[in-house]
Amino acid sequence: MSDTEYLEQLMELHTEHLFRIAYYYTKDLQIAEDIVQDVFIKFYHHQKYYEERGEMRAYLARMTINKCKDYLKSWVYRKISVQHKLFPKQRSVLKDTLIQQDEQTILDEAILKLPLKQREPIVYFYLENMTIKEIAKLLEIPEGTVKSRLKKGKELLKIDLQDIEWEVLLNG
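Following this line, the structure appears as structure tokens:
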């Protein structure tokens, strides 16, 4: 299998997962797409340094997380954040109005409001079905810290979502 075919196979397997991670960090569809693309480009150019141990998904996730954190520390991100605060009406809304009304979108938005430290474990535990041990390894923090951040994140979500009437629960 050529390097290009191998990369295409990796992209097919992991793009959706990595995009979801990048989106939950950046809260921006375009930036998330760019980050995932950058991760695959970087992997393609440096794949000779990767030792296959059956951890490709975690390896690419770690690359994506690092890229997202670099972006969040960048001058570009800080500039965009300031512009959004100064000119809130100029923000482009990419989401369709009907999609925003969907309960999953409500939940996604609530998750995106969480501080990053609480958002990370919530996303990995509930959306990526990772174990606490896997999350701790991925984020390079103790398992107890993952548990406390999960608990705090759930508490914050419960407060934020307490006034929502869930159609699925009422009519399900």
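The C-terminal residue of the sequence shown carries number 173 in my numbering, and the numbering is unbroken.
Just so it is clear, CB atoms sit at the ideal spot from N, CA and C, and this is done for glycine as well.
Check: In or out: residue 88 buried (at least 16 other Cβ within 10 Å) or exposed?
Finding: Your numbering for residue 88 matches position 87 in the sequence shown. For residue 88, the predicted model reports a pLDDT of 48, less than 50, meaning its position is unreliable; a value from the coordinates is still stated below. In the assembly as shown, residue 88 is an exposed residue. Its beta-carbon has fewer than 16 other beta-carbons within 10 Å.
Next item on the list: Could you work out which residue in 127, 136, 108 and 132 is closest to residue 160 when comparing CA atoms only?
Entry: As a first step, residue 160 must be located in the sequence shown, where it is residue number 159. Residue 160 has its Cα closest to that of 108, out of 127, 136, 108 and 132.
Item checked: Span of the alpha helix (DSSP H), counted from its first residue to its last, around residue 144 -> By one-based count along the sequence shown, residue 144 stands at place 143. For residue 144, the enclosing alpha helix (DSSP H) begins and ends at 144-162.
Note to self: Is it buried or exposed, residue 72, if we count other Cβ atoms within 10 angstroms and call 16 or more buried?
What the structure shows: Against the sequence shown, residue 72 aligns to sequence position 71. With 16 or more Cβ atoms within 10 Å of its Cβ, residue 72 is classed as buried.
Margin query: Assuming residue 19 and residue 62 are in contact, meaning their beta carbons sit under 8 Å apart, how far apart are those beta carbons, in whole angstroms?
Written below: Within the sequence shown, residue 19 is the residue found at index 18, counting from 1. Within the sequence shown, residue 62 is the residue found at index 61, counting from 1. Between the beta-carbon of residue 19 and that of residue 62 there is about 7 Å, and that keeps the pair under the 8 Å contact cut.
Item checked: Under 7 Å between C-beta atoms of residue 23 and residue 42 -> For the purposes of this step, residue 23 is taken as the residue at position 22 of the sequence shown. For the purposes of this step, residue 42 is taken as the residue at position 41 of the sequence shown. No.
Notebook entry, point to check: Got a sec? Which residues, its chain only, sit under 6 Å from residue 57 by beta carbon, not counting five neighbours each side?
Noted result: For the purposes of this step, residue 57 is identified with residue 56 of the sequence shown, where counting begins at 1. Around residue 57: no qualifying Cβ.
Margin query: Measuring alpha carbon to alpha carbon, tell me which residue in 25, 74, 155 and 45 is nearest residue 11.
Written below: Taking the first residue of the sequence shown as position 1, residue 11 is located at position 10. Ranking 25, 74, 155 and 45 by Cα distance to residue 11 puts 45 first.
Check: Which two residues bound the contiguous alpha helix (DSSP H) that contains residue 2?
Finding: The residue you call residue 2 lines up with position 1 of the sequence shown. Neither: residue 2 is in no alpha helix (DSSP H) and is coded neither H nor E.
Checklist line | Where the alpha helix (DSSP H) containing residue 67 begins and where it ends | finding: Taking the first residue of the sequence shown as 1, we reach residue 67 at position 66. For residue 67, the enclosing alpha helix (DSSP H) covers residues 57-74.
Note to self: Rounding to the nearest angstrom, what Cα-Cα distance links residue 162 and residue 6 in this structure?
What the structure shows: Translated into positions along the sequence shown, residue 162 becomes position 161. Translated into positions along the sequence shown, residue 6 becomes position 5. Each residue's CA atom was taken as its position, placing residue 162 and residue 6 some 44 Å apart.
Check: Apart from the five residues just before and just after residue 130, which ones in its own chain have a Cβ nearer than 8 Å to its Cβ?
Finding: Working through the sequence shown from its first residue, we reach residue 130 at position 129. Contacts found: none.
Item checked: Test item: CB-CB of residue 154 and residue 123 under 7 Å -> Against the sequence shown, residue 154 aligns to sequence position 153. Against the sequence shown, residue 123 aligns to sequence position 122. Against a cut-off of 7 Å, the Cβ pair of residue 123 and residue 154 comes out as a contact.
Notebook entry, point to check: Using DSSP with H/G/I as helix, E/B as strand and the rest coil, what is residue 122?
Noted result: Taking the first residue of the sequence shown as position 1, residue 122 is located at position 121. Note: residue 122 maps to helix in three-state DSSP.
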